[in-house]
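Our numbering puts the first residue of the sequence shown at 412, with every later residue one more than the last.
Even for Gly, the Cβ is constructed at its ideal location relative to N, Cα and C.
Quantities reported herein were computed from a predicted structural model and do not represent experimental measurements.
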Amino acid sequence: MEKNRIEAFSDGVIAIIITLLVLELKVPHIEGEINSGIILSKLTALSPKFLSWAVSFFMVLIMWVNHHRIFSELKSSSNGLLWINGLLLFGMSFVPFPTAFMGDFFSEPIAMSFFGICLAFVGLTFFLLRLYLYKNPSLYKDTTDIQNNKKLLKRTLISPILYSLGAVSSFFSVYFAFTLYFLIPIYFIFFGTEKKKGIQK
Numbered sequence: 412m413e414k415n416r417i418e419a420f421s422d423g424v425i426a427i428i429i430t431l432l433v434l435e436l437k438v439p440h441i442e443g444e445i446n447s448g449i450i451l452s453k454l455t456a457l458s459p460k461f462l463s464w465a466v467s468f469f470m471v472l473i474m475w476v477n478h479h480r481i482f483s484e485l486k487s488s489s490n491g492l493l494w495i496n497g498l499l500l501f502g503m504s505f506v507p508f509p510t511a512f513m514g515d516f517f518s519e520p521i522a523m524s525f526f527g528i529c530l531a532f533v534g535l536t537f538f539l540l541r542l543y544l545y546k547n548p549s550l551y552k553d554t555t556d557i558q559n560n561k562k563l564l565k566r567t568l569i570s571p572i573l574y575s576l577g578a579v580s581s582f583f584s585v586y587f588a589f590t591l592y593f594l595i596p597i598y599f600i601f602f603g604t605e606k607k608k609g610i611q612k
């Protein structure tokens, strides 16, 4: 399969994932008298869902950005790449469920921990994708800085490690765990997303 077909399929799946995430945000039903105070209280009650959606949205977005940059540096694909990419999409496609679960049971350690476990799995599959490409440098274009991939490998491990830490810490403090989940995408937006470079080997 051509690498462009893998990328196009992945883009489609990720677009659906993002759509499913936002579909969990439903307008609250209000019976009886309606005023600004009641509406505000209903919106406030939905804040766990909004926060859960935001954390998942930006992590999926960051993964899509990095996925795009990885594939823009490839000249070909392989059967192994096809399956590992499929494993990544398998994990990402499940993200809407733990996101909704955490939003509905925000104060429950099990829900908070389950989210961390699921996102740690997704982060691990992304690491495996980078590891496979690091072990198969022939898939890259000649202009790609292969040595830079070793640094990116270590950086990619930060995500599953921190999500695993959040999953464990959920049983001590759900608020600490969620704060950690909230900070992870912020880190990757400003420090952990590799900008595309045209560096020679």
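Where the alpha helix (DSSP H) containing residue i begins and where it ends
{"i": "GLU418", "result": "414-434"}
{"i": "LEU454", "result": "447-456"}
{"i": "THR510", "result": "507-515"}
{"i": "ILE382", "result": "In the structure displayed, the chain extends from 412 to 612; residue 382 sits before or after that span and is not available."}
{"i": "LYS565", "result": "559-567"}
{"i": "GLU504", "result": "Reading the sequence as shown, one finds Ser at residue 504 and not Glu. Segment 490-504, the alpha helix (DSSP H) holding SER504."}
Among the options, nearest to residue i - alpha-carbon criterion
{"i": "VAL579", "options": "LYS562, PRO548 and ALA531", "result": "ALA531"}
{"i": "ASN496", "options": "LYS437, GLN558 and PHE538", "result": "PHE538"}
{"i": "ASN490", "options": "LYS414, GLN558 and LEU500", "result": "LYS414"}
{"i": "GLU484", "options": "ASN547, SER584 and VAL585", "result": "ASN547"}
{"i": "VAL476", "options": "SER421, LEU462 and TRP494", "result": "SER421"}
{"i": "PHE526", "options": "ALA419, SER463, ALA456 and ILE445", "result": "SER463"}
{"i": "LYS437", "options": "CYS529, GLU444, PHE461 and ARG566", "result": "PHE461"}
{"i": "GLU418", "options": "LEU492, SER447 and THR455", "result": "LEU492"}
Cβ-based neighbour list, residue i, same chain, cut-off 6 Å, excluding 5 preceding and 5 following
{"i": "SER570", "result": "GLY534"}
{"i": "SER581", "result": "PRO520, MET523, SER524 and ALA588"}
{"i": "GLU435", "result": "ALA511"}
Residues near residue i by beta carbon distance below 8 Å, same chain, minus five either side
{"i": "VAL471", "result": "ILE425, ILE428, ILE429, LEU432, MET503 and VAL506"}
{"i": "ILE481", "result": "LEU540, ARG541 and LEU544"}
{"i": "ILE441", "result": "ILE449, ILE450 and LYS453"}
{"i": "TYR551", "result": "GLU484, LEU485, LYS486, LEU544 and ILE557"}
Residues near residue i in its chain [Cβ-Cβ closer than 7 Å; skip 5 each side]
{"i": "PRO459", "result": "GLY514 and PHE517"}
Those residues which DSSP pairs with residue i across a bridge
{"i": "TYR551", "result": "LEU485"}
Validate contact between the segment 459-470 and the segment 583-600 using beta carbons, cut 8 Å, 3 pairs: yes
Stretch-stretch touch, CB-based, cutoff 8 Å, three pairs: the segment 561-576 with the segment 495-512: no
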